[in-house]
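Numbering (the working numbering), first residue to last: 380 to 487. A short worksheet on the structure shown next.
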DNA sequence: AAAATGACTATAT
DNA sequence: TATATAGCCATTT
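This is how it looks when you write it as structure tokens:
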């Protein structure tokens, strides 16, 4: 699980469902979020590269404010994030080795 | 064991 | 294009 998140390339994004699918748990997007929630702030995994399917940072009162921290981290990665946590998922979405390298540089 | 909850996602308005 | 509603599935009470 965290391993899947850990292998997200630098400067690239991935959705919860994507991670879930990657670990062989399709439809378990919520569990991914659950796992990241219990993750400590100084975590060794790039949890900030994980966003929801709408390409936005999933904010919640449970996160106290770590969501905004995520925004900062993403900005540090070189990903432009709007004040609302909206980011160009279409451009930065990580493609875990889809078909051939015909993805026009859309992969890592 | 049943019911409630949540860093989600996909449809329907 | 943007809210509202309904599925989903593991964890928690």
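Where a beta carbon is used, it is the ideal one built from N, C-alpha and C, also for glycine.
Identity of the residues DSSP links to residue i by a beta bridge
i	result
residue 392	472
residue 424	BP columns for residue 424 are empty, so no partner.
residue 435	465
Cβ-based neighbour list, residue i, same chain, cut-off 8 Å, excluding 5 preceding and 5 following
i	result
residue 409	395
residue 439	446
residue 416	441 and 442
Proximity of residue i and residue j at Cβ, strictly below 7 Å
i	j	result
residue 460	residue 468	no
residue 385	residue 424	yes
residue 430	residue 472	no
residue 414	residue 402	no
Contacts around residue i, its chain only, beta-carbon distance under 7 Å, and the 5 residues preceding and following it disregarded
i	result
residue 432	394 and 396
residue 475	401
Element boundaries [alpha helix (DSSP H), containing residue i]
i	result
residue 448	445-456
residue 409	408-416
residue 385	381-385
When the options are compared against residue i, the one with the closest alpha-carbon
i	options	result
residue 450	435, 443, 440 and 441	435
residue 405	473, 380, 452 and 420	380
residue 444	414, 382 and 420	420
residue 389	458, 466 and 463	458
Contacts around residue i, its chain only, beta-carbon distance under 6 Å, and the 5 residues preceding and following it disregarded
i	result
residue 364	There is no way to answer for residue 364, as the model of the chain reaches only from 380 to 487.
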